[in-house]
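Numbering (my numbering), first residue to last: 1 to 156.
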């Protein structure tokens with residue numbers, strides 16, 4: 001069996017990993033640094049009907065909370081540098097492509113069991129939203145490929 005192309009690394013034990021709630025916003029922010037204090041930019045409220053509402057740069061956003069199914073774990077991760085191959089073979093040597101494939105790693109930053117998907121001034125439609133629909137389709141596929149067929153009934 002070949003080695004995995006990607007691995008998750010966590011420095012803390014699973015009980016110590018911080019909990020988070022990812023927010024998928026319908027915009028692109030061209031900034032990768034710290035934003036302190038975050039409350040001046042992002043402070044969602046929950047309406048009486050349970051719908052999350054927020055304002056971001058003057059635009060009203062309505063959210064939909066999507067919980068992960070039982071048995072699944074979400075992680076927020078950042079890319080780590082790929083491990084370098086052990087070295088080049090001497091002239092005329094044979095290269096084992098599987099052994100020389102760099103292994104990628106992701107460093108776990110936080111865990112989550114729900115996420116909030118936001119839309120401009122309207123509730124998120126799960127059948128049309130690419131994130132919610134993609135997650136539902138992926139979960140259905142994962143259930144199919146990781147399930148075992150039921151045994152056939154015995155014939156008499």
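Beta carbons are placed, not taken as given, at the ideal position from N, Cα and C, and that holds for glycine.
Check                                                                                               : Outcome
Closest Cα partner of residue 117 within the set 77, 133, 32 and 108                                : 133
CB-CB length for residue 20 against residue 76, believed under 8 Å                                  : 6 Å
Touch test, the region 37 to 52 against the region 135 to 153, Cβ-Cβ under 8 Å, three pairs minimum : no
Inter-residue spacing [alpha-carbon to alpha-carbon] between residue 9 and residue 78               : 10 Å
Three-state secondary structure (DSSP) of residue 55                                                : strand
Residues bridged to residue 66 (per DSSP)                                                           : 115
As assigned by DSSP and simplified to three states, the class of residue 33                         : coil
Cross-strand partners of residue 7 (DSSP beta bridge)                                               : 105
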